[in-house]
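Structure first, commentary second.
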Amino acid sequence: MKRRLNLRIPRSGAGRRAGAALALTALTVPLTVTFGSTAEAATASSCTAARGPYQKQAERFLGLTVDGRQSAADCRAIRAFQTSHGITPNIGYAGPVTWGVMRVVAQQKAAGKNPDKAGKCPTDKGRIACVDLTRQLSWIQDGRKLVFGPVPVRTGRDGYETRTGAKKIYWRHLHHVSTLYHVPMPYSQFFDGGQAFHSISGSVWSAPGSHGCVNMRSSDAKKYWSLLKNGDDVYVYGRKPGT
869 MKRRLNLRIP
879 RSGAGRRAGA
889 ALALTALTVP
899 LTVTFGSTAE
909 AATASSCTAA
919 RGPYQKQAER
929 FLGLTVDGRQ
939 SAADCRAIRA
949 FQTSHGITPN
959 IGYAGPVTWG
969 VMRVVAQQKA
979 AGKNPDKAGK
989 CPTDKGRIAC
999 VDLTRQLSWI
1009 QDGRKLVFGP
1019 VPVRTGRDGY
1029 ETRTGAKKIY
1039 WRHLHHVSTL
1049 YHVPMPYSQF
1059 FDGGQAFHSI
1069 SGSVWSAPGS
1079 HGCVNMRSSD
1089 AKKYWSLLKN
1099 GDDVYVYGRK
1109 PGT
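Counted from 1, the sequence shown has number 1011 at position 143 by this note's numbering; the numbering is strictly sequential.
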């Protein structure tokens, strides 16, 4: 049985239940993997010499020489990616978590400025916030017009999945704090029981995921706050990898 989030929601939202859940700029600028000082800080002494099971895939993703052998340069590049995407331990080992994040990032990059190319989000409703669990992406459309995004998000982990289907934003709280997990949930916009869009301080790529909310970077959550209002449509579809 899932735990329920004890939210104090105004009685004007009668009939709505508090469900379980808590809970780079917009991807209109393509996602990039940058190394810079992060990579320089990843010295050989802090790296592993072990070859991970996804070594070749990681080398290909990062534009390295694809030979399946772990070099010091490979390790620094993999570790830089891990550090920038909140993956631990960040020792340059190309394991399943690192490769899983790389695959999601690749899909996010491929979305470009046409995230609803497959037509899976119903954009004939006027303004709508779309959430693609499979690609861990969200964006706002107004009819065929892309208003904002797509941006990377972090949705519910296994056992706390973000619920799919058509929703509506029904309650907003700028400085919300979870009464269950006692953590800040800035720019909260609730659309299904205790599930909401809100910002987090950590990486939106970090595993294993939220407790059901759609976690966002602060700048993205702030933009969503300015663009959406009570009654606006939300549509959640797909399936988060690993759930």
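Idealized CB from N, CA, C, for every residue including glycine. If you're wondering where the values come from, they're calculated on a predicted model, not measured in any experiment.
Distance CB(residue i)-CB(residue j) smaller than 8 Å
{"i": "Lys-1090", "j": "Thr-1023", "result": "no"}
{"i": "Gly-1062", "j": "Gly-1077", "result": "no"}
{"i": "Thr-1030", "j": "Leu-1005", "result": "no"}
{"i": "Leu-932", "j": "Phe-1016", "result": "no"}
{"i": "Asp-1010", "j": "Arg-995", "result": "yes"}
{"i": "Lys-1013", "j": "Val-1102", "result": "no"}
{"i": "Cys-915", "j": "Cys-943", "result": "yes"}
{"i": "Val-972", "j": "Val-1082", "result": "no"}
{"i": "Ala-918", "j": "Tyr-961", "result": "yes"}
{"i": "Asn-982", "j": "Arg-1040", "result": "no"}
Endpoints, alpha helix (DSSP H) assigned at residue i
{"i": "Trp-1073", "result": "That residue, Trp-1073, is in no alpha helix (DSSP H); it is neither H nor E in DSSP."}
{"i": "Gln-1057", "result": "Not the alpha helix (DSSP H): Gln-1057 falls in the beta strand (DSSP E), residues 1052 to 1060."}
{"i": "Pro-1020", "result": "Looking at the DSSP string, Pro-1020 is not in any alpha helix (DSSP H); the run it does join, the beta strand (DSSP E), is 1013 to 1020."}
{"i": "Gly-1024", "result": "Unbroken run through Gly-1024: none, as it is neither H nor E."}
{"i": "Val-934", "result": "From DSSP, Val-934 is part of no alpha helix (DSSP H); its letter is neither H nor E."}
{"i": "Leu-1048", "result": "Unbroken run through Leu-1048: none, as it is neither H nor E."}
{"i": "Tyr-1092", "result": "1086 to 1095"}
Cβ-based burial, residue i [other Cβ within 10 Å; buried from 16]
{"i": "Ala-941", "result": "exposed"}
{"i": "Ala-1064", "result": "buried"}
{"i": "Lys-1043", "result": "A quick correction: the sequence has His, not Lys, at residue 1043. Burial call: exposed."}
{"i": "Ala-948", "result": "buried"}
{"i": "Arg-937", "result": "exposed"}
{"i": "Asp-992", "result": "exposed"}
{"i": "Ser-1069", "result": "exposed"}
{"i": "Asp-1088", "result": "buried"}
{"i": "Gly-980", "result": "exposed"}
{"i": "Asn-958", "result": "buried"}
{"i": "Asp-1100", "result": "buried"}
{"i": "Ser-905", "result": "Note that Ser-905 scores a pLDDT of 37, beneath 50, so its modelled location is shaky; the value from the coordinates is reported in the next line. With fewer than 16 Cβ atoms within 10 Å of its Cβ, Ser-905 is classed as exposed."}
{"i": "Ala-945", "result": "buried"}
Integer Cβ distance of residue i from residue j, believed to fall under 8 Å
{"i": "Asp-1026", "j": "Gly-1110", "result": "6 Å"}
{"i": "Gly-1033", "j": "Gly-963", "result": "With a Cβ gap of about 34 Å, Gly-1033 and Gly-963 do not count as contacting."}
{"i": "Val-1113", "j": "Arg-1085", "result": "With the chain covering only 869 through 1111, there is no way to say anything about residue 1113."}
{"i": "Tyr-1151", "j": "Phe-1059", "result": "No answer is possible for residue 1151: the residues shown for the chain start at 869 and end at 1111."}
{"i": "Tyr-1055", "j": "Ser-1074", "result": "19 Å between Cβ atoms; not a contact."}
{"i": "Ala-974", "j": "Phe-929", "result": "7 Å"}
Limits of the unbroken beta strand (DSSP E) element including residue i
{"i": "Gln-1063", "result": "1063 to 1067"}
{"i": "Asp-992", "result": "Taken as a continuous stretch (DSSP letters only), Asp-992 belongs to no beta strand (DSSP E), as it is neither H nor E."}
**Message:** Check whether the region 1014 to 1028 and the region 1041 to 1060 are in contact - that is, three or more C-beta pairs closer than 8 Å.
**Reply:** Two segments are said to touch when three or more pairs of C-beta atoms, one from each, lie closer than 8 Å; by this definition the region 1014 to 1028 does not touch the region 1041 to 1060.
**Request:** Evaluate contact between the region 921 to 941 and the region 962 to 972, counting only Cβ atoms and requiring at least three cross-stretch pairs below 8 Å.
**Result:** The region 921 to 941 makes contact with the region 962 to 972: 3 or more CB pairs, one atom from each, lie closer than 8 Å.
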